[in-house]
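Okay, so here's the structure we're looking at.
Residue numbers (the working numbering), protein chains in the order written: chain W, 7 to 117; chain D, 705 to 824.
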């Protein structure tokens, strides 16, 4: 069975600084997708970034980038130049057929 | 981008009654829809997967007779909570996965805004 682990329940970062959220997963599949989703207080799920497992190059979306280590089954999210609007719950997710979410990391950006 | 709506956004009902939540894909054909449940400060827990025209596949521990799912068209799936009880109070989220040029797109699901259910 696939599992997703996020070892940091809560994190905080100063505005304009950089923060890295950790995620590890377990699967026997070789081709799959990984995602980071943001859930602000409105509770609308927002896709932050996606990574295809067969691509070695790490995905990047503006201030968001990932460090994908397939052998280690690790998929961390780096947020650069943190902004107040980045305050939210962040969920790491894995999909082969259905999406499995990690427990989430609550990120607070401090002014 | 693809838009998924849910209705209602919040609902309060009495214990023992049934509540129906609708999930619609507004601008694409959703071959598969997923229903999640989220308790406060917790992650999304997949309840069931529904494919258009087929019976839903429920996750272990989810009562199929209590949470009735219907996916009658490529744009609509419904979740009916039957004989609701206070412990069913939660935030219910649907998501949809679509088809582009006949190919199922696995690399993204589109989420609805959620429905907050409170059972008194």
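Glycine included, each C-beta is placed from N, C-alpha and C at the ideal position.
Asked, Found
"Listing by chain order, which chain D residues have their CB less than 7 Å from the CB of residue 109/W?", "747"
"Quick check on DSSP: helix, strand or coil for residue 765/D?", "coil"
"Is the shortest distance between the beta-carbon of residue 755/D and the beta-carbons of chain W less than 9 Å?", "no"
"In this structure, does DSSP put residue 103/W in helix, strand or coil?", "coil"
"Identify the contact partners of residue 58/W in chain D, using a Cβ-Cβ distance below 9 Å as the criterion.", "811"
"Give the single residue among 25/W, 17/W, 7/W and 56/W whose Cα lies nearest to the Cα of residue 98/W.", "56/W"
"For the beta strand (DSSP E) that contains residue 789/D, what are its first and last residues?", "Here residue 789/D belongs to no beta strand (DSSP E), and DSSP marks it neither H nor E."
"Counting only Cβ pairs nearer than 8 Å, list the residues of chain W close to residue 817/D.", "48, 49 and 50"
"Answer yes or no: do residue 718/D and residue 785/D have a C-beta to C-beta separation smaller than 9 Å?", "no"
"Distance, Cα to Cα, residue 780/D vs residue 115/W?", "38 Å"
"In the DSSP assignment, what residue or residues form a beta bridge with residue 2/W?", "Here chain W has residues from 7 to 117 only, and residue 2/W is not among them."
"Looking at the secondary structure, which residues open and close the beta strand (DSSP E) in which residue 114/W lies?", "111–116"
"Using a Cβ-Cβ distance cut-off of 9 Å, determine whether residue 758/D contacts chain W.", "no"
"Using DSSP with H/G/I as helix, E/B as strand and the rest coil, what is residue 91/W?", "helix"
"Considering only their Cβ atoms, is the gap separating residue 18/W from residue 113/W smaller than 9 Å?", "yes"
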